[in-house]
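Residue 148 in my numbering sits at position 99 of the sequence shown; the count goes up by one each step and never skips.
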Amino acid sequence: MILVTGGAGFIGSNFVLHWLKQAQEPVINLDKLTYAGNLENLAEVMGDGRHLFVRGDIGDVALVTSLLKQHRPRAVINFAAESHVDRSIHGPDEFIRTNIVGTFHLLEAVRAYWTTLDPTAQASFRFLHVSTDEVYGSLGPQDPAFRETTPYRPNSPYSASKAAGDHLVRAYHHTYGLPVLTTNCSNNYGPYQFPEKLIPLVIHNALAGKPLPIYGDGRQVRDWLYVEDHCRAICLVLERGVPGATYNIGGWSEQYNLDVVYTICNILDEWRPRQDGQSYRTQVTFVKDRPGHDRRYAIDATKIGQELGWKPAETFESGIRKTVRWYLDHETWVRNVTSGDYRHWIEKQYQQ
């Protein structure tokens, strides 16, 4: 059995769905169900006996301790995090509470549990911490991509809070011997992503006839990773990663933000044309850049490829088409999320 934290969020829910499709091993899914946690993401497994959902906070030491003691998982995979840069700029408090203090309390509970295991179980146990490429800061146009040895230079309250969490995880390995693994991923995209992030926001706004907001000149560069590829990588790191090691996971697909938006517009022009015959590109609107906006992120995923044999199955061209198709085919999910009705669905399902 494994314990997944943050398993109702975008990446976490995709991981739970992926895990239960390829393994019989049960999952305990702990999620606080903040605004981005959505049980609708997990609708297809809510009746599955291998999936136990628990509503709760990683900072609740008593709850986490109880779950560990009762279910005796062989691994903990920590997705739980506040993750939106804009929200961290406007209100950093929650990011400090969850990404730093919450990670600390989770580590303390896991360390206490780990010390109760017999030597064989201790050796095979893993704590896998899922982090971001944003901890490395910003790259210039000609700079080499981030490697696992790149110094941390976070530039936003979000990335600084994630960097602090990463350092705590590292410290618990080197000080206490806890067998930890850390992954730093590039920008994920795919099904179930909350429509505050660029790709689902553009799809939703385009279909609604709203402006497609582009920060600054739109020439910020991001490396894009299809979420299913990320889930496969995490499974490999959990199975074969070296305790104490960090693995960068990227899509080998750098794109200008503006080109991402134009690509989505082109796909929508093909699959869901506007009634007036114009391109969705006419809805692109440039807005004032956000404070401290990092110019470029890029992941060098050589290590995980050479050591664990992982590489992304999707190119950006194939992954973005799958993503747009998913959102077109799941308009009820999008409507519930954007209207806030999913919150009522959560309460109903959680009571059941």
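Cβ atoms here follow ideal geometry from the backbone N, Cα and C, with glycine treated the same way.
The beta carbons of residue 126 and residue 184 sit about 18 Å from each other, so the pair does not count as a contact at 8 Å.
If you check the CB distance, residue 272 and residue 369 do not come in under 8 Å. In the DSSP assignment, residue 80 falls within the beta strand (DSSP E) that extends over 76-80. Residue 247 is positioned such that its CB atom lies closer than 8 Å to that of residue 306. Taking C-beta separations shorter than 7 Å and ignoring five residues to either side along the sequence, the partners of residue 194 in its chain run 347, 348 and 349, following chain order. The continuous stretches of beta strand (DSSP E) do not include residue 339, and DSSP gives it neither H nor E. Assigned with DSSP and collapsed to three states, residue 176 falls in strand.
Cβ-Cβ separation between residue 310 and residue 263: approximately 6 Å, consistent with a contact (criterion under 8 Å). Separation of residue 244 and residue 351 (C-alpha to C-alpha, rounded to the nearest whole angstrom) is 31 Å.
With 16 or more neighbouring CB atoms inside 10 Å of its own CB, residue 304 falls in the buried class.
In the structure shown, the three-state DSSP call for residue 201 is coil. The Cβ neighbour count for residue 240, taken over all protein chains shown within 10 Å, is at least 16; the residue is labelled buried.
A residue is called buried when at least 16 other Cβ atoms come within 10 angstroms of its Cβ; residue 288 does not meet this threshold and is exposed.
Taking C-beta separations shorter than 6 Å and ignoring five residues to either side along the sequence, the partners of residue 267 in its chain run 306 and 307, following chain order. Check the Cα spacing between residue 204 and each of 382, 153 and 137: the tightest is with 137.
Restricting attention to 383, 142, 90 and 256, the CA atom closest to the CA of residue 328 is found in 256. Look at the beta carbons and you see the segment 138-154 touching the segment 204-216: at least three pairs across the two are nearer than 8 Å. Collapsing the DSSP output to three states places residue 207 in a helix. Distance check between residue 291 and each of 324, 189, 222 and 163 places 222 closest, using alpha-carbon atoms only.
Straight-line measurement puts the Cα of residue 235 at about 13 Å from the Cα of residue 188. In this structure, the straight-line span from the alpha carbon of residue 58 to that of residue 88 is close to 9 Å.
Going by beta carbons, residue 148 and residue 182 fall outside the 8 Å limit. Straight-line spacing of the CA atoms in residue 366 and residue 254 works out to 21 Å. A Cβ-Cβ contact shorter than 8 Å links residue 197 with residue 297.
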